[in-house]
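2 protein chains.
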Amino acid sequence: MRNRLTYMLFAAFVFLGSSNINSQNPVVGDFKPSSLNQPGKEYPQVNSEGRVRVQISAPEAKMVQLDIGAVKYDLVKDAQGVWTGESAPQDEGFHYYQLNIDGASVPDPNSLYFYGAGRWGSGIEIPAGDEEFYAMKNVPHGQVRELIYFSESTQSMRRCFVYTPPQYDKNTEKRYPVLYLQHGGGEDETGWSNQGRVNLIMDNLIAEGKAKEFIIVMDNGNWHMPERTRPAPNDTTKQEEKPKAWPPEGWADGFMKTMLEDIIPMIDANFRTLADQDHRAMAGLSMGGMETRIITLANPDVFSYVGIFSGGSISPDDVDKAPGFKENVKLVFVSYGSRELENPRSGLWGDPVENTKALNEAGMNTHFYVSPLTAHEWQSWRRGFYQFAPRLFQ
Amino acid sequence: MRNRLTYMLFAAFVFLGSSNINSQNPVVGDFKPSSLNQPGKEYPQVNSEGRVRVQISAPEAKMVQLDIGAVKYDLVKDAQGVWTGESAPQDEGFHYYQLNIDGASVPDPNSLYFYGAGRWGSGIEIPAGDEEFYAMKNVPHGQVRELIYFSESTQSMRRCFVYTPPQYDKNTEKRYPVLYLQHGGGEDETGWSNQGRVNLIMDNLIAEGKAKEFIIVMDNGNWHMPERTRPAPNDTTKQEEKPKAWPPEGWADGFMKTMLEDIIPMIDANFRTLADQDHRAMAGLSMGGMETRIITLANPDVFSYVGIFSGGSISPDDVDKAPGFKENVKLVFVSYGSRELENPRSGLWGDPVENTKALNEAGMNTHFYVSPLTAHEWQSWRRGFYQFAPRLFQ
Chain A
23 MRNRLTYMLF
33 AAFVFLGSSN
43 INSQNPVVGD
53 FKPSSLNQPG
63 KEYPQVNSEG
73 RVRVQISAPE
83 AKMVQLDIGA
93 VKYDLVKDAQ
103 GVWTGESAPQ
113 DEGFHYYQLN
123 IDGASVPDPN
133 SLYFYGAGRW
143 GSGIEIPAGD
153 EEFYAMKNVP
163 HGQVRELIYF
173 SESTQSMRRC
183 FVYTPPQYDK
193 NTEKRYPVLY
203 LQHGGGEDET
213 GWSNQGRVNL
223 IMDNLIAEGK
233 AKEFIIVMDN
243 GNWHMPERTR
253 PAPNDTTKQE
263 EKPKAWPPEG
273 WADGFMKTML
283 EDIIPMIDAN
293 FRTLADQDHR
303 AMAGLSMGGM
313 ETRIITLANP
323 DVFSYVGIFS
333 GGSISPDDVD
343 KAPGFKENVK
353 LVFVSYGSRE
363 LENPRSGLWG
373 DPVENTKALN
383 EAGMNTHFYV
393 SPLTAHEWQS
403 WRRGFYQFAP
413 RLFQ
Chain B
23 MRNRLTYMLF
33 AAFVFLGSSN
43 INSQNPVVGD
53 FKPSSLNQPG
63 KEYPQVNSEG
73 RVRVQISAPE
83 AKMVQLDIGA
93 VKYDLVKDAQ
103 GVWTGESAPQ
113 DEGFHYYQLN
123 IDGASVPDPN
133 SLYFYGAGRW
143 GSGIEIPAGD
153 EEFYAMKNVP
163 HGQVRELIYF
173 SESTQSMRRC
183 FVYTPPQYDK
193 NTEKRYPVLY
203 LQHGGGEDET
213 GWSNQGRVNL
223 IMDNLIAEGK
233 AKEFIIVMDN
243 GNWHMPERTR
253 PAPNDTTKQE
263 EKPKAWPPEG
273 WADGFMKTML
283 EDIIPMIDAN
293 FRTLADQDHR
303 AMAGLSMGGM
313 ETRIITLANP
323 DVFSYVGIFS
333 GGSISPDDVD
343 KAPGFKENVK
353 LVFVSYGSRE
363 LENPRSGLWG
373 DPVENTKALN
383 EAGMNTHFYV
393 SPLTAHEWQS
403 WRRGFYQFAP
413 RLFQ
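Protein chains in written order, with our numbering: chain A, 23 to 416; chain B, 23 to 416.
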């Protein structure tokens, strides 16, 4: 498996998507309640085109809008003061959204809530052709455990979630590898299980014999930027200043310290881990991928497997500056949603496709995955994780 | 301890409360952000009188209200379209609330969300004189684990949360007693940890050596009423019909079956439990207390300790009709918020004070607790649990 670069062609996946429908066409009427509605709620609904229909009673309001995918759609009021309306077709998978009532941005009172974009807000699920891999099935299920612990490096109480595989409490002599898995910017330690459904993906992979059993640790990677990159409080003259390079040098140092000095030792002390570099992985999405890149390049004696989902890539030049990385790291996995790679290809630290190809040609085991017809959203990361997990600890 | 009835006098606790303040007085200006705000949010705020102040931008709105404690308070708009206003003083502890924007009832976008009143909605915490017992402290913490399992009795996937005490994963030879702890109507399996902070209460009690270590299982006790008590679908003529007695006969049979046939065996199979009647307790609040009453009276060979928080009581007559209950059950604990017992005393199945006193005089070990100056709300149940837990498995 080493030295094999799997670069998936976008064209091969076009059949999976259904979102290339002109939003001016008549709306198809087969709306069904979203799977992420609160118990007993009929709205929001989704149709076979992937349109989202919301409804809310607001008899005295002048204007109500659905705000999804950075577009606001006007709702229409009926004689009873109930507003209804729908969006253009959305990509498959999970999306954040909100309502706007006479200028107030609020969660839809009918949906479940998720932490993203720096707030707890509404989420909706567009059914996907491949949704079986993250469906809740009658298979053995692992546990998602909420842990509270004191961190010396931050001098504060912290919280993390830990997934333990289905047999963890049965095979009490067995020790397990560990993946440290980070959320994106504006999200927190709840993202990978709530939006990402990572526990269900693992349960399904394990039930099918497609992945090794391992522990997953999901902690909070939010970190203040170094003082020098932020305007001083009340200094309005600097409000428009942006750091010249993002992320700035040293940006992830705080979280790296907490990861190495608090999180990993706490997990090794409280779980039956295989506490060595061979059996430790780190991955993350977006900001979490950027943290993964920085922390694993700086600590090739700590982690063996590296996963970066929509968060940059690693070049041969990066590796040349990181002694031990090339020799010790067994996999560099990089993924993006196909819409993120549309012309011009995005990517911090250079073109991720070219970087990964060059890293492979330089002798490292790499895997590049593209999620078909998805953007910088959770469906890309669910699929990325689904491709990543079977390649760990083999 | 058997045969000791502890009936606390309300008068002894008046000093703890501060809510008897005339809401017409000038508002005290010492507002601070609520401990249940979303990260970085300045509102809602609470002052030393227990008033709640909310703020939301809604430039085009005609009317915005704060809806808390069954009272709606008008907010006032400033020149920038930001609405601000406050409530009368609230009782200590946790309260659900919502905003009303031009007739739309929505969650406050600044608060954390909790499942209660049949919806995920806003919650606020009024600091309490005794809040230390449920504070997050730097003590050893247990875990709250999310479990997914298939239930034969309902033919569906279900979810529960399980609290394991701090040393559970360290003392791997030790087996533990189990408390089955139920939420109230309109709530779900998330209530006791999110609103009730039961994990923190247990961690603190254990750290102080005041309670035995035990496992707590929090499952979903919501259950459809028997068909005969509900109007037929689309039969609008019967919408106003109410069952003559509530709860109706057989109301908890479905959940009792799931508890006995699915939940308890699943827990005993997956945790290191002491799987006998001596080491099994059941308790619940409101509807969960009513379920506890019915299920424990029908199964005195299954449970040893019974806790009913704001959900009725057990009379000597009930016990006479339940063979084995008097001999086998080691504690009947009943609690209410003091405001629930104000004249006339509420209580399903008769006066809870008189019932519990009579049960004690009939020879059972009982404990009656009254939470000072609280109503049918979470502060009553946190305090009830705090009094109940140290009396278990002694």
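Backbone N, C-alpha and C fix where the C-beta goes; we use that ideal spot for every residue, glycine too.
Under 8 Å from the C-beta of residue i: neighbouring residues of chain A
i, result
"A80/B", "I123, D124, G125, A126"
"R141/B", "Q60, P131"
"L296/B", "Residues of chain A passing the Cβ test: none, with the nearest at roughly 16 Å."
"R180/B", "Simply none; closest approach about 11 Å."
"V166/B", "R167, E168"
For residue i: DSSP bridge partner residues
i, result
"M179/B", "F172/B"
"R141/A", "G138/A"
"S357/B", "F331/B, Y391/B"
"I289/A", "Bridge partners of I289/A: none, in fact."
"K94/B", "D89/B"
"T396/A", "In DSSP, T396/A forms no bridge with anything."
"E108/A", "R75/A"
"F201/B", "Position check: residue 201/B holds Leu in this sequence, whereas Phe was assumed. DSSP output for L201/B lists I238/B, A303/B as bridge partner(s)."
"K54/B", "V68/B"
Under 8 Å from the C-beta of residue i: neighbouring residues of chain B
i, result
"G306/A", "By Cβ distance, chain B contributes nothing, its closest Cβ being about 19 Å from G306/A, past 8 Å."
Rounded straight-line distance, which links the Cα of residue j to that of residue i
i, j, result
"L282/B", "M278/A", "47 Å"
"Y202/A", "H205/B", "34 Å"
"L58/A", "P149/A", "11 Å"
"E313/B", "L307/B", "9 Å"
"E249/B", "P270/B", "Any reading at E249/B is ruled out, since the residue's pLDDT is 45, under 50, leaving its predicted position unreliable."
"D113/A", "V68/A", "12 Å"
"N44/A", "Y65/A", "Below a pLDDT of 50, predicted positions are generally treated as unreliable, and N44/A, at 44, falls in that range; the measurement from the model is reported next regardless. Rounded to whole angstroms, N44/A to Y65/A spans 24 Å at the Cα level."
"S417/B", "I285/A", "Residue 417/B falls outside the range modelled here, since chain B spans only 23 to 416, and no answer is possible."
"S335/B", "E147/B", "29 Å"
"Y190/A", "F355/A", "26 Å"
"R302/B", "N244/A", "41 Å"
"M304/B", "S215/B", "16 Å"
"N122/B", "V76/B", "12 Å"
"Y171/A", "P287/A", "12 Å"
"T378/B", "G208/B", "27 Å"
CB contact below 9 Å: residue i versus chain C
i, result
"V86/A", "Looking for chain C here will not work: the only protein chains present are A and B."
Residue i, buried or exposed, once every other Cβ within 10 Å from all chains shown has been counted against 16
i, result
"G51/A", "exposed"
"R167/A", "buried"
"G272/A", "exposed"
"D257/A", "In this prediction, D257/A scores a pLDDT of 46, lower than 50, which makes its location untrustworthy; no coordinate-derived value is stated."
"E263/A", "For E263/A, the predicted model reports a pLDDT of 49, less than 50, meaning its position is unreliable; a value from the coordinates is still stated below. So E263/A counts as exposed."
"D340/B", "buried"
"G329/A", "buried"
"G213/B", "buried"
"V220/B", "buried"
"A233/A", "buried"
"D323/B", "exposed"
"T396/A", "buried"
"V93/A", "exposed"
"A157/B", "exposed"
"R315/B", "buried"
"K343/A", "exposed"
"G62/A", "exposed"
"D210/B", "buried"
"P253/B", "In this prediction, P253/B has a pLDDT of 43, which is less than 50 and means its spatial position is unreliable; what the coordinates show is noted afterwards. It is exposed - the Cβ of P253/B has fewer than 16 other Cβ atoms within 10 Å."
Contacts of residue i in chain A (Cβ-Cβ under 7 Å)
i, result
"N292/B", "D191"
"I170/B", "M158, H163"
"Y135/B", "Y135, W142"
Listed by chain order, chain A residues near residue i by CB distance under 9 Å
i, result
"G372/B", "Here the premise fails: no neighbours, minimum Cβ distance about 33 Å."
Proximal residues of chain B, C-beta to C-beta of residue i below 9 Å
i, result
"N83/A", "Note on residue identity: the sequence assigns Ala, not Asn, to residue 83/A. Residues of chain B passing the Cβ test: E82, A83, K84, I123, D124, G125, A126."
"G311/A", "None at all; the shortest Cβ gap to chain B is about 21 Å."
"T194/A", "T194"
Chain B contact residues for residue i, given Cβ-Cβ distances below 7 Å
i, result
"G103/A", "G125"
Give a yes or no on contact between the region 117-133 of chain B and the region 174-184 of chain B, applying the rule of three or more CB pairs nearer than 8 Å. no
Hey, is the region 346-364 of chain B in contact with the region 385-404 of chain B, meaning 3+ C-beta pairs nearer than 8 Å? yes
Counting Cβ pairs, one atom from each stretch, are 3 or more of them under 8 Å apart for the region 98-107 of chain A and the region 131-146 of chain A? Too few Cβ pairs lie closer than 8 Å, so no.
Can at least three beta-carbon pairs, one atom from the region 86-95 of chain B and one from the region 163-178 of chain B, be found at a separation below 8 Å? Touching, no, given that fewer than three Cβ pairs across the two stretches are closer than 8 Å.
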